[in-house]
Amino acid sequence: VCSSDLDEAKALLATQSASNLVVHDPTGQQLLNTIRPYGSPLPRESDMAMIERAIETGKPVVSDLFVGPATGKLVVGNTVPVIVDGEVKYLVGMGMFSERLGEVLKRQKIPDGWVVAILDRTGTVGALNWDPGDVIGKKAPARFLERSSHGDEGAFEGVAPRGLSVLAGFSRSPRTGWMIAFARSEEHTSEL
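Everything in the sequence shown is counted per our numbering, starting at 2 for the first residue and increasing by one.
As structure tokens, then:
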């Protein structure tokens, strides 16, 4: 890895919606990270489950939400193994900070009164379409996770923490296991 590799990675990053690009070795040691200047010390990856799944399957893998070791920010990663002579030599990854996921939701034309969230496979909130306060990085309500654990998509009526009746639904990606979740109080659903 040399400084021109970092320059090329930064040029590629400018064409993507990602926050950073990373090259790892199979132990998870970062060899290049567009967040850090060339030659600066780089950490070992903190989401080894993602690295191990990519090595095991030989296919691209999307992580759950984790704290990036170079930034300390919540990030979702996507990594692809680079196979040379039948062996994984490197992994190339792209990270997206959770606030970027939130920006994607905020650009959607979500009607007033609806709350929409992106959840990882563990039920951790990665983004919301409104100012989340301290919700990002925490588990969705246990009642919602229990109801959404019975399939890849569905809708149901429930009761929000403040006692409001809500209509809620979800759809889980078969490819990544991540989920889009939505809810609206019944006082607003009568307008539909």
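The beta-carbon is built from N, C-alpha and C at its ideal position, and this holds for glycine as well.
Notebook entry, point to check: Which residues mark the beginning and the end of the alpha helix (DSSP H) in which Ser205 is found?
Noted result: The chain is shown from 2 up to 193; residue 205 falls before or after that span and cannot be answered.
Margin query: Please identify the residue among Val116, Phe145, Val77, Pro27 whose C-alpha is closest to the C-alpha of Gly59.
Written below: Taking the first residue of the sequence shown as 1, we reach residue 59 at position 58. Gly59 has its Cα closest to that of Pro27, out of Val116, Phe145, Val77, Pro27.
Next item on the list: Would you tell me roughly how many angstroms separate the C-alpha atoms of Pro44 and Gly69, rounded to the nearest one?
Entry: As a working note, residue 44 is residue 43 in the sequence shown. As a working note, residue 69 is residue 68 in the sequence shown. If I take the Cα positions, the gap works out to 10 Å.
Check: Nearest CA to the CA of Gly124: which residue from Ile111, Arg144, Trp115, Arg108?
Finding: If you number the sequence shown from 1, residue 124 lands on position 123. The residue among Ile111, Arg144, Trp115, Arg108 with its C-alpha nearest the C-alpha of Gly124 is Arg144.
Check: Among residues of its own chain, excluding the 5 on either side of Trp179, which ones have a beta-carbon nearer than 6 Å to its beta-carbon?
Finding: As a working note, residue 179 is residue 178 in the sequence shown. Closer than 6 Å at Cβ, skipping near neighbours: Asp121.
Next item on the list: Could you give the DSSP three-state label for Ile111: helix, strand or coil?
Entry: As a working note, residue 111 is residue 110 in the sequence shown. For Ile111, the three-state secondary structure derived from DSSP is coil.
Next item on the list: Using three-state DSSP, classify Ala19 as helix, strand or coil.
Entry: On the sequence shown, residue 19 is found 18 positions in, with the first residue counted as 1. Coil at Ala19, not helix or strand.
Check: Measuring CA to CA, which of Tyr91, Met51, Asp86 is closest to Gly78?
Finding: For this step, residue 78 is matched to residue 77 along the sequence shown. Measuring C-alpha to C-alpha distances from Gly78 to each of Tyr91, Met51, Asp86 identifies Met51 as the nearest.
Item checked: Cβ-based neighbour list, Phe90, same chain, cut-off 6 Å, excluding 5 preceding and 5 following -> Numbered from 1 along the sequence shown, position 89 holds the residue referred to as residue 90. The sequence given here places Lys at residue 90; Phe does not occur at that position. Setting aside the 5 residues that flank it on each side, Lys90 is surrounded in the same chain by Val83, each with a C-beta closer than 6 Å to its C-beta; the list follows chain order.
Next item on the list: For Ala184, count neighbouring C-beta atoms within 10 Å of its own C-beta (all shown protein chains included) and say buried if the count is 16 or more, exposed if not.
Entry: Translated into the one-based positions of the sequence shown, residue 184 becomes position 183. The residue is buried, with at least 16 neighbouring Cβ atoms inside 10 Å.
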